[in-house]
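J.: What follows is a single structure, and I will ask about it in a moment.
Chains as they are written, first to last, in the numbering used here: chain A, 14 to 834; chain B, 5 to 74.
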């Protein structure tokens, strides 16, 4: 398979960067491979032990999504056992008579088809599993098992062992409706398609008969067969057109469905009449072809609509499944593990550090700092103490706290936000709106001209009047016009999604094509956002220092602590966390401190003045009571493709701005490095909003790229906003597009493709319009028989669709730059 | 051409039968996932079909052998 990205400088399992010192290796297929962390190593070992080493052969290493074990929540066995409770299972597990249970789970972490292969094979090997099948499009697994041989908690644990996380699938009503809509339209399409082929076969016989002679009995049989087959096509397949036309008629609004319904209905009734009376022409072939191609166009449009609308079921997974309820008197509290769904207002729960808070409540005992980044985007945790409110879905970072529940379920702040942000992507781009309007005027013209044609021919030659009018209606159907924009947008959106730019609002492509200014956030957008250890100074034994630091920072969820995670080898005792300052702990009876220099040096026996190795950068001090062990410099590195992205934007005559809240000279250094002309540092969120508004008011078309941290309202207020894949879920839902793999170079792909899309949409509309205008007089003069009209209409739609398909070959300029160096 | 009405009748019945099968297909979810079957055919999952005497040793087997030798 494609080995572009697998080099020896990256973790063999998750393809991310390796830490400074590699401590984990796993032998895969006879070769020792480097791993970035114990998580990846554990998963790789499980895969090999299960005999599924082929996973590494099959997987697509060129994928745009990454699944790494570093940021995965660890498995809590007691929590898992909760999943076996009948009450919890009522929501998503079904039982069959033969004693098997079946459930649908959403699997996180699937990046390519090999992941599906791996999971299906690993799980089906377990005793008691009847069937497992995973859908690659929506990452849902359907599992059925014998409950007396294996339990749901075991299955979830095994999924976790091979590197994925599973959640129960609970679709909201909207999603269920979408699924139903999809199934129904596929059924209709199938009926119309198969029926059309049958009817065409019979029609060909009739045409040959017209030409070389046929006896009337055979004609009669053929006609009746055509009628029987065409009936379900009209009453089942074409039903949406009739219902839509009726609805539009009542609303006094003209849409494409009106002439379509008239044409289909009229032709069918006339053909039935002709069949029964054995006199006159039949048009069953035109009716079925017409219905099929119209349904096909609608089906494509519906696929597009469904795909672009599904950005966030992710918020639903923020709330944990289990909680620790405290029962009893103040000094005699016992802990009970319960399902979150069983909590009521007034319950008191214990939230340990590292766990997320299950519902809205107030702290009644303890104090801690809470990471609210999922909701507010604030990077650093906020201090909360007694009587402070906490929000469900946020993460408790430092200390255990007792929380009294105030709001649960649908009343929580999280649920309210989810409801507010429910945008199904129904707003259409300006171009499509214009096309719709033109289409409605066009339909009016068509109907009026049909009436004129019908009456004129009635006086000239009544026998021709009907089929000429039918041809006029069919050939002027503006379905190519209404397909012109959606097909181009769908193809472009789909192509970009595969490259890593997920577009969730339809105006994005149009706006990017017209953009004059791009505004970038610094931390997390132009830089990687992951605090990493850049330098170790004044240290004798780097390895030991890193291990001590990792041991102290082991339980902290603080972003700085994450930088030390790969070096975790031993544990420390008596860990005390001082909020905002640092950590103290004991290893082998020696006390150590790590954190701000002023904090760490307090335990030094000889308390002399201590200076950081240099002024640049953020330095942490690790010391014991005797001496300084090491200075660590934590910093943030530029993304590999930042240079390329800025350079290409400027090449396309786009002004590049950088807005950041950072007030150090680091920002200016980066701006100079990337040659960004417009820079604003030390900007508060309101400064940022003012900057963007000023820019937009001056007539500029602005696109903002950020990661939602500290600039959430800015993202929402810009005309078009792109969120980084590492942004909080809230930012991703507010933004108009998401860079799923964090590759800035994909923005350039998007820019070039957006311009190409605009060109193709214009081409499509010109063709559709021109064809209709040309065909109308031809049909009015009786030069086009109905079946030719149906074929012509289908061909013109086909041309429009094929032209749009040219967009699926998107520019691949930036592919070579995506391979890390 | 007396056979013609009979043949036409059969073809109409087959048509309705085909539609019935199609309904059963779609309702049982055959067309829910159109992406992974395309990838699955490329996985050569045929280790079981290779005769045992020339089958390459699985890594767990080789680990076993190492332990035996040690």
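Even for Gly, the Cβ is constructed at its ideal location relative to N, Cα and C. Predicted, not measured: the structure shown is a model, and the values here were computed from it.
Measure from the C-beta of residue 46 of chain B to each C-beta in chain A and report whether the shortest distance is under 9 Å.
T.: Output row for residue 46 of chain B: interface = yes.
J.: What residues are listed by DSSP as bridge partners for residue 530 of chain A?
T.: Looking at the DSSP assignment, residue 530 of chain A forms a beta bridge with A:668 and A:715.
J.: Comparing alpha-carbon positions, which option in A:621, A:690 and A:24 lies nearest residue 51 of chain A?
T.: With distances taken between Cα atoms, residue 51 of chain A lies closest to A:24.
J.: For residue 238 of chain A, decide whether its Cβ has a neighbour in chain B, counting only Cβ atoms nearer than 9 Å.
T.: Cβ-Cβ to chain B under 9 Å: yes for residue 238 of chain A.
J.: Restricting to Cα atoms, I'd like to know which of A:645, A:697, A:560 and A:209 is closest to residue 599 of chain A.
T.: Checked all of A:645, A:697, A:560 and A:209; the closest Cα to residue 599 of chain A is A:560.
J.: Which term fits residue 17 of chain B, buried or exposed, when burial requires 16 or more other beta carbons within 10 angstroms of its beta carbon?
T.: Exposed, since its Cβ has fewer than 16 Cβ neighbours within 10 Å.
J.: Who are residue 737 of chain A's beta bridge partners in DSSP?
T.: Paired residue(s): A:752.
J.: Among A:193, A:177 and A:110, which one has its Cα closest to the Cα of residue 123 of chain A?
T.: Among A:193, A:177 and A:110, the Cα nearest to that of residue 123 of chain A is on A:177.
J.: Going by DSSP, what residue range makes up the beta strand (DSSP E) through residue 148 of chain A?
T.: Run containing residue 148 of chain A: 142 to 148, per the beta strand (DSSP E) assignment.
J.: What residue range is occupied by the uninterrupted beta strand (DSSP E) comprising residue 276 of chain A?
T.: First-last for residue 276 of chain A: 270 to 290, but that is the alpha helix (DSSP H), not the beta strand (DSSP E).
J.: Identify, in the order they occur along the chain, each residue of the same chain with its Cβ nearer than 7 Å to the Cβ of residue 659 of chain A, setting aside the five sequence neighbours on each side.
T.: Answer for residue 659 of chain A: 669, 687, 688 and 689, listed in chain order.
J.: Using the rule of at least 16 other Cβ atoms within 10 Å of the residue's Cβ for burial, across every protein chain shown, is residue 223 of chain A buried or exposed?
T.: So residue 223 of chain A counts as exposed.
J.: How about residue 49 of chain A and residue 30 of chain A: are their beta carbons less than 9 Å apart?
T.: For residue 49 of chain A and residue 30 of chain A, yes; Cβs fall inside 9 Å.
J.: Excluding the 5 residues preceding and the 5 following residue 249 of chain A in the sequence, name in chain order all residues of the same chain whose CB lies nearer than 6 Å to its CB.
T.: Once the five neighbours on either side are set aside, the close Cβ partners of residue 249 of chain A are 204.
J.: Would residue 233 of chain A pass as a contact of residue 288 of chain A if the rule is Cβ separation under 9 Å?
T.: Yes, the Cβ-Cβ distance between residue 233 of chain A and residue 288 of chain A is below 9 Å.
J.: Please list the partners that residue 95 of chain A has in chain B, where partner means a Cβ-to-Cβ separation under 7 Å.
T.: Residues of chain B passing the Cβ test: none, with the nearest at roughly 29 Å.
J.: Interface residues of chain B around residue 196 of chain A at Cβ under 8 Å?
T.: Under the 8 Å cutoff, chain B gives 30 and 31.
J.: Starting from residue 9 of chain B, find everything on chain A with Cβ-Cβ shorter than 7 Å and list it in chain order.
T.: Within chain A, the residues near residue 9 of chain B are 234.
J.: Can you grab the Cα-Cα spacing for the pair residue 310 of chain A / residue 478 of chain A, in whole Å?
T.: When rounded, the distance between both Cα atoms is 29 Å.
J.: Please go through the same chain and pick out, in chain order, the residues whose beta-carbon is closer than 6 Å to the beta-carbon of residue 398 of chain A, but skip the five residues on each side of it.
T.: The residues are 380.
J.: Short check: CB of residue 650 of chain A to CB of residue 541 of chain A, under 9 Å?
T.: A contact, by the Cβ cut-off of 9 Å.
J.: Between the beta-carbon of residue 158 of chain A and the beta-carbon of residue 147 of chain A, is there less than 9 Å?
T.: No, the Cβ-Cβ distance between residue 158 of chain A and residue 147 of chain A is not below 9 Å.
J.: Going by DSSP, which residues form a beta bridge with residue 181 of chain A?
T.: According to DSSP, which records beta bridges pairwise, residue 181 of chain A is partnered with A:118.
J.: Once you ignore the five residues that flank residue 538 of chain A on each side, which residues in its own chain have a CB closer than 7 Å to its CB?
T.: Only 718, 719, 720 and 737 meet the Cβ criterion.
J.: State whether the segment 762 to 771 of chain A contacts the segment 517 to 528 of chain A, with contact taken as three or more CB pairs (one from each stretch) at a distance under 8 Å.
T.: A contact exists between the segment 762 to 771 of chain A and the segment 517 to 528 of chain A.
J.: Please state the DSSP three-state secondary structure of residue 34 of chain B.
T.: Three-state result, residue 34 of chain B: coil.
J.: Under the rule that 16 or more other beta-carbon atoms within 10 Å means buried, what is residue 34 of chain B, buried or exposed?
T.: That one is exposed.
J.: In the DSSP assignment, what residue or residues form a beta bridge with residue 691 of chain A?
T.: DSSP output for residue 691 of chain A lists A:670 as bridge partner(s).
J.: Kindly identify the DSSP beta-bridge partner or partners of residue 201 of chain A.
T.: Beta-bridge pairing links residue 201 of chain A to no other residue.
J.: Nearest to residue 27 of chain B by CA position, among A:198, A:510 and A:372, is which residue?
T.: Closest option to residue 27 of chain B, Cα to Cα, is A:198.
J.: For residue 514 of chain A versus residue 298 of chain A, is the C-beta spacing smaller than 9 Å?
T.: It is not a contact, given that the beta carbons lie outside the stated cut-off.
J.: Less than 6 Å between C-beta atoms, sequence neighbours within five positions excluded: which residues of the same chain meet that for residue 684 of chain A?
T.: 671 and 692.
J.: Taking C-beta to C-beta, are residue 711 of chain A and residue 545 of chain A nearer than 9 Å?
T.: Result no, Cβ atoms of residue 711 of chain A and residue 545 of chain A do not sit closer than 9 Å.
J.: Would you say residue 54 of chain B reaches chain A, if we count a Cβ-Cβ gap shorter than 9 Å as a contact?
T.: Output row for residue 54 of chain B: interface = no.
J.: Beta strand (DSSP E) containing residue 5 of chain A: first to last residue?
T.: In the structure as shown, chain A starts at 14 and stops at 834, and residue 5 of chain A therefore has no counterpart that could be examined.
J.: Quick check: what's the CA-CA separation for residue 94 of chain A versus residue 316 of chain A?
T.: Rounded to the nearest angstrom, the two C-alpha atoms are 39 Å apart.
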